[in-house]
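K.L.:
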Amino acid sequence: MKDIVWTRIDDRLIHGQVMTQWIQHCGANEVVIVDDGVAKDTFIQMVMKSSVPKKISLKVFSVKDAITYLTGEPNNEKILILVKIPSVLVSLVEAGVNITFVNVGGMGAKAGRKSLFKNVSASEDEKNDLRRLIDQGVKVFFRVIVTESEEDVAKYL
Numbered sequence: 001m002k003d004i005v006w007t008r009i010d011d012r013l014i015h016g017q018v019m020t021q022w023i024q025h026c027g028a029n030e031v032v033i034v035d036d037g038v039a040k041d042t043f044i045q046m047v048m049k050s051s052v053p054k055k056i057s058l059k060v061f062s063v064k065d066a067i068t069y070l071t072g073e074p075n076n077e078k079i080l081i082l083v084k085i086p087s088v089l090v091s092l093v094e095a096g097v098n099i100t101f102v103n104v105g106g107m108g109a110k111a112g113r114k115s116l117f118k119n120v121s122a123s124e125d126e127k128n129d130l131r132r133l134i135d136q137g138v139k140v141f142f143r144v145i146v147t148e149s150e151e152d153v154a155k156y157l
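Taken in order, the sequence shown gives residues 1 to 157; the numbers are from UniProt numbering.
(1) Return the CA-CA distance between residue 237 and A154, expressed in angstroms with no decimal places.
(2) List the endpoints of the continuous alpha helix (DSSP H) containing S50.
(3) What whole-angstrom Cβ distance do L133 and V90 have, given they're in contact under 8 angstroms?
(4) Under a three-way DSSP split, which group does E30 fall into?
(5) Does I67 come out as helix, strand or coil in the three-state DSSP assignment?
(6) What distance in whole Å lies between the Cβ atoms of I79 and K139, which are believed to be in contact at a cut-off of 8 angstroms?
(7) Can you give me the Cβ contacts of L8 inside the same chain, cut-off strictly under 6 angstroms, excluding the 5 residues immediately before and after it?
(8) Rounded to whole angstroms, how far is the Cβ of L58 from the Cβ of I4, which I believe are closer than 8 angstroms?
(9) Examine the Cβ distances between the stretch 142-154 and the stretch 110-121 and report whether three or more of them are shorter than 8 angstroms.
(10) Excluding the 5 residues flanking Q45 on each side, which residues of the same chain have their C-beta closer than 7 angstroms to its C-beta?
(11) With DSSP run on the structure shown, which of helix, strand or coil describes A154?
(12) Considering only DSSP beta bridges, list what V104 is partnered with.
(13) Quick one: give me the first and last residue of the beta strand (DSSP E) that K114 is part of.
(14) Looking only at its chain, what residues have a beta carbon closer than 8 angstroms to the beta carbon of C26, apart from the 5 residues adjacent to it on each side?
(15) V31: buried (16+ other C-beta within 10 angstroms of its C-beta) or exposed?
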């Protein structure tokens, strides 16, 4: 099993805050993006790779391929997992990926979503997915920026 040091839901995936603060905060040397759409889009992958510091490895997987990779043999990488939506993490956890906590950082407003906490919005299905993670023993918390303290997601569902 790989060494997962941080798991974050952030619909922007790779952006300045992740690159300058979260990677340093959790000590990751590999970022794993799990998103079926991004896994098929080589142009977006190229743009993302150009945004990642040279010393940080970036891997992009479909959900299926991420399960294979993340349940594989350790490789001395300290992994930060980034996903856009909670259902991806439900799939990973239910397939045996060892995710002990989830940092909900950025799920922007859009049709079908209602505000939960600061800049985090979720649909009913997404709230149900967060509940499923909690029910499986995963600690789920809001923490939009590194300097904030954790806020238990369960209080807002």
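The C-beta atom is built at its ideal place from N, Cα and C for all residues, glycine as well.
P.N.:
In terms of the structure at hand:
(1) Residue 237 lies beyond the residue range present for the chain, which begins at 1 and ends at 157; the question has no answer from this structure.
(2) Residue range 42-51 is occupied by the alpha helix (DSSP H) that includes S50.
(3) About 6 angstroms separates the two Cβ atoms, so the contact holds.
(4) The three-state reading of DSSP puts E30 in strand, counting E and B together.
(5) In the three-state scheme derived from DSSP, where H, G and I count as helix and E and B as strand, I67 is classed as helix.
(6) Actually they do not touch by this definition, with Cβ atoms about 17 angstroms apart.
(7) The sequence as given places Arg at residue 8; Leu does not occur at that position. These residues qualify, in order along the chain: L82, N103, G105.
(8) Taking a contact as a CB-CB distance under 8 angstroms, the pair L58 and I4 does not count as one, their CB atoms being some 15 angstroms apart.
(9) Output reads yes: the stretch 110-121 touches the stretch 142-154.
(10) Around Q45: V38, V60.
(11) Note: A154 maps to helix in three-state DSSP.
(12) DSSP output for V104 lists I9, F142 as bridge partner(s).
(13) Where K114 is concerned, the enclosing beta strand (DSSP E) stretches over 114-117.
(14) Within the same chain, V5, W6, K78, L80 come within 8 angstroms of C26 by CB-CB distance, once the 5 residues on both sides are set aside.
(15) V31 sits buried, since 16 or more C-beta atoms from the chains shown fall within 10 Å of its C-beta.
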